[in-house]
Amino acid sequence: MRRLRWLLPVAILAILGAVAVVYLRQRALLDASAPQKPKLLESGVAGRALDWCYEQAKGDKPRVEICAAKMNDVNGRIDLEGVQLKLFHEGANQFDLVTSDRAQFQPEERSLYSDGDVEIILAVPVDGPTPGRLLNIHSSGVQFSSETGEATTDRPVSFEFDAGGGSAVGAHYNPASRELRMENKVVLDWRGRNPDAQPMHIEAGQAWYLETQSKVVFPKWAKLTRAGLQMDSGAAEVLLDEGEIHQANMDAARGAQRSAGRDVQFAAETIHMLFGDRMTVKAIVAQRDARLISTASGSRTTVTSDMVGMNFVPSGSESLLVDATATGKSVV
């Protein structure tokens with residue numbers, strides 16, 4: 135019995151030693167296979183994440199969604215890389231898609247700023263096929279409001295869609311009103327749907343594209359050139375039909391239509407132009423202090439009147455004047 139008394143503590147110690155050896159071996163194996171501890175964040179960096187997203191909703195409808203491949207929260211300013219911004223329209227069945235390599239998001243101010251290149255695609259459908267007339271805008275230095283979805287830049291802007299394209303310096307887009315304002319040095323080239331049509335080249339001091347009304351407004355001045363047609367005016371507007379120009383209304387306008395064998399010049403306080411297939415001139419109505427000069431081989435006709443209506447027929451890529459009617463106080 136006395137021998138057993140000292141053997142029992144020895145056995146307990148042996149068991150504890152064996153357990154300790156097993157524990158230490160397992161601990162060493164776990165330490166060796168454990169992932170490396172993440173490095174401490176730099177001073178001023180509050181957070182960092184991959185595949186980061188931020189969302190705003192209005193009721194049960196999404197309003198804004200910002201996603202990025204990488205996110206760094208630096209002193210309350212969120213730096214993003216691989217940015218994709220969705221600005222949802224009313225009803226959330228369409229959204230404007232903004233992509234940029236880098237951007238800065240200010241949650242408290244609800245604003246997103248990208249100094250680098252930015253691409254904006256307007257009116258992307260949430261479901262269903264993508265239509266062919268999506269408007270793509272390219273610029274840089276763009277400020278976005280996540281509250282209203284408005285985008286603003288004072289830098290050069292270029293844009294294109296299936297029926298045309300152009301450029302400007304400075305732009306503002308409001309998704310609520312679907313209005314794109316081009317602020318300075320506007321250039322538009324409207325090709326239309328027909329590949330055989332001559333494009334309409336437009337230069338203007340300012341232009342407003344009103345998508346819901348299918349028209350472009352030029353509040354300052356505009357210059358239109360197409361094949362043998364040249365127009366200069368003050369304020370003007372161009373009405374669109376399925377992406378093609380079908381009417382132009384101009385104030386304080388003058389123009390010329392040059393074709394084989396005839397040179398027509400006209401001017402008035404207000405001029406309305408109607409376009410037919412392939413955006414060829416179909417008719418011109420000049421009102422208030424209207425003046426028409428038609429020069430052909432061996433003849434020259436001058437008409438002044440309150441109103442002059444001119445009808446044209448297509449001839450190749452151009453139009454030919456076939457008749458003119460003067461109404462009101464007229465002199466020929």
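What the sequence shown shows, in the working numbering, is residues 135 to 466, in sequence order.
A virtual CB, placed ideally from N, CA and C, is assigned to each residue, including glycine.
Beta-carbon proximity list for residue i, same chain, < 6 Å, skipping 5 on both sides
i      : result
Ser428 : Val398 and Thr435
His306 : Thr286 and Arg315
Ser348 : Leu374
Arg360 : Gln332 and Met334
Met384 : Ser367, Ala370 and Ile405
Cys187 : Cys201
Ser453 : Thr414, Val415 and Phe446
Arg425 : Ala401 and Thr438
Pro448 : Thr414
Inter-residue Cα distance where the pair is residue i and residue j
i      : j      : result
Lys204 : Asp185 : 6 Å
Asp235 : Ser274 : 11 Å
Leu358 : Asp457 : 23 Å
Val303 : Val321 : 10 Å
Glu313 : Leu219 : 19 Å
Glu199 : Asp213 : 16 Å
Ser393 : Thr438 : 22 Å
Val338 : Val372 : Correcting the residue identity first, residue 338 is Ala in this sequence and not Val. Using only the alpha carbons, I get a separation of about 12 Å.
Glu253 : Val232 : 6 Å
Ala191 : Val217 : 19 Å
Asn445 : Leu455 : 6 Å
Gln421 : Gly299 : 31 Å
Asp323 : Ala356 : 13 Å
Ala257 : Gly283 : 13 Å
Ala387 : Val208 : 56 Å
Pro290 : Asp249 : 13 Å
Pro259 : Asp411 : 30 Å
Glu215 : Asp251 : 12 Å
Phe239 : Arg159 : 49 Å
Ser279 : Arg161 : 53 Å
His272 : Pro241 : 25 Å
Val276 : Thr346 : 24 Å
Gly450 : Asp194 : 55 Å
Phe229 : Asp261 : 11 Å
Asp288 : Ala297 : 25 Å
Ile336 : Trp342 : 13 Å
Ser433 : Glu376 : 41 Å
Simplified DSSP state of residue i, which is helix, strand or coil
i      : result
Arg325 : coil
Arg159 : helix
Thr346 : helix
Beta-ladder partner(s) of residue i, from DSSP
i      : result
Gln381 : Leu373 and Leu408
Thr461 : Met441
Pro290 : Val303
Glu452 : Ser449
Ala237 : Leu214
Leu256 : Leu256 pairs with nothing; no bridge assigned.
Gln364 : Thr359 and Ala390
Gln340 : Gln340 is not bridged to any residue.
Arg315 : His306 and Trp342
Ser280 : In the DSSP output, where bridge partners are listed per residue, Ser280 has none listed.
Beta carbon of residue i nearer than 8 Å to that of residue j
i      : j      : result
Ala237 : Pro196 : no
Asn328 : Phe295 : no
Ser301 : Ser311 : no
Met441 : Val419 : yes
Gly326 : Met407 : no
Leu189 : Arg244 : Note that residue 189 corresponds to Glu in the displayed sequence, not to Leu. No, the pair does not count as a contact, with Cβ atoms beyond the cut-off.
Pro309 : Leu246 : no
Own chain partners of residue i with C-beta closer than 8 Å, once the 5 adjacent residues on each side are dropped
i      : result
Ala183 : Lys204 and Met205
Phe409 : Glu378, Ile379, His380, Gln381, Ala382, Val415 and Lys416
Thr492 : In the structure displayed, the chain extends from 135 to 466; residue 492 sits before or after that span and is not available.
Gln340 : Arg315, Met316, Glu317, Asn318, Val320, Phe352, Pro353 and Lys354
Arg211 : Gln238, Phe239 and Gln240
Glu224 : Ala310
Sequence-distant residues of the same chain with beta carbon closer than 7 Å to residue i, five excluded per side
i      : result
Asp423 : Ala402 and Glu403
Gln364 : Gly389 and Ala390
Ala344 : The displayed chain sequence assigns Leu, not Ala, to residue 344. These residues qualify, in order along the chain: Glu313 and Val351.
Lys463 : Ser439 and Asp440
Gly395 : Ala430 and Ser431
Gly362 : Gln391, Arg392, Ser393 and Glu452
Any chain B beta carbon closer than 8 Å to residue i
i      : result
Asp194 : Within the model displayed, chain B is absent; a lone protein chain is all it includes.
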